[in-house]
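Novice:
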């Protein structure tokens, strides 16, 4: 009998913790994806999906359309430098990741990495990661820096179990003077992952 009471108490605690996990924003994956597929600007997207995050994004990006990354973004030189120092093309790998963890927890991450030329530093890079699941967005984060060749961030959060989750990454790049485009914003999305 005593074991049954302890087991029942544990079950109530586990159920209470599961009921506490809820989305932080009610915008769904479908609504966010629809905005992205229509080429929404940074301002339009974040006003609809995560208004608080908009204030953390430099104003020079607010009017930029968010384009699909297809895993890479890039810029080309339009003005010259001496030939031996010349970099004519910059390619940035833009990726995300979603992984199920034990105990109704979900890992999500986003990364932007300059891959051509290797270790080439951009004046500014930033990422925003958003984890979507049942009922809306469950978590988000941002990371940025100047004079960077890579920006990456990961997070693990408690979620509602027996559900699917996916990550959207928004990647911001400012290229050096003489490159076109001077700035770029792209998005990446992961496949859905089932969290038991």
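In my numbering, the protein residues as written are 177 to 372.
Cβ coordinates follow ideal geometry from the N, Cα and C atoms, glycine included.
If you run the structure through DSSP and keep just helix, strand and coil, what is residue 183?
Specialist: Any answer about residue 183 is weak, because its pLDDT of 39 lies below 50 and its placement is not dependable; what the coordinates show is given next. It is helical.
Novice: Report yes if the CB atom of residue 356 is closer than 9 Å to the CB atom of residue 235, and no otherwise.
Specialist: Not closer than 9 Å, so no.
Novice: Check whether the Cβ atoms of residue 328 and residue 289 lie closer than 9 Å to each other.
Specialist: Taking 9 Å as the Cβ cut-off, residue 328 and residue 289 qualify as a contacting pair.
Novice: Measure the beta-carbon distance from residue 272 to residue 364 and round it to whole angstroms, keeping in mind my assumption that it falls under 8 Å.
Specialist: Correct: roughly 5 Å between the Cβ atoms.
Novice: Classify residue 309 as buried or exposed, calling it buried when 16 or more other Cβ atoms lie within 10 Å of its own Cβ.
Specialist: Buried.
Novice: Is the beta carbon of residue 237 less than 9 Å from the beta carbon of residue 229?
Specialist: For residue 237 and residue 229, no; Cβs fall outside 9 Å.
Novice: For residue 353 and residue 306, what's the separation of their Cα atoms in angstroms?
Specialist: Cα-Cα distance, rounded: 30 Å.
Novice: Just to confirm the assignment: which complete beta strand (DSSP E) runs, minimum length 3, are found wholly within the stretch 307-369?
Specialist: Whole beta strand (DSSP E) segments, 3+ residues: 312-324, 326-334, 339-350 and 359-365.
Novice: Please classify residue 295 as buried or exposed, where buried requires at least 16 other C-beta atoms within 10 Å of its C-beta.
Specialist: Its Cβ having fewer than 16 others within 10 Å, residue 295 is exposed.
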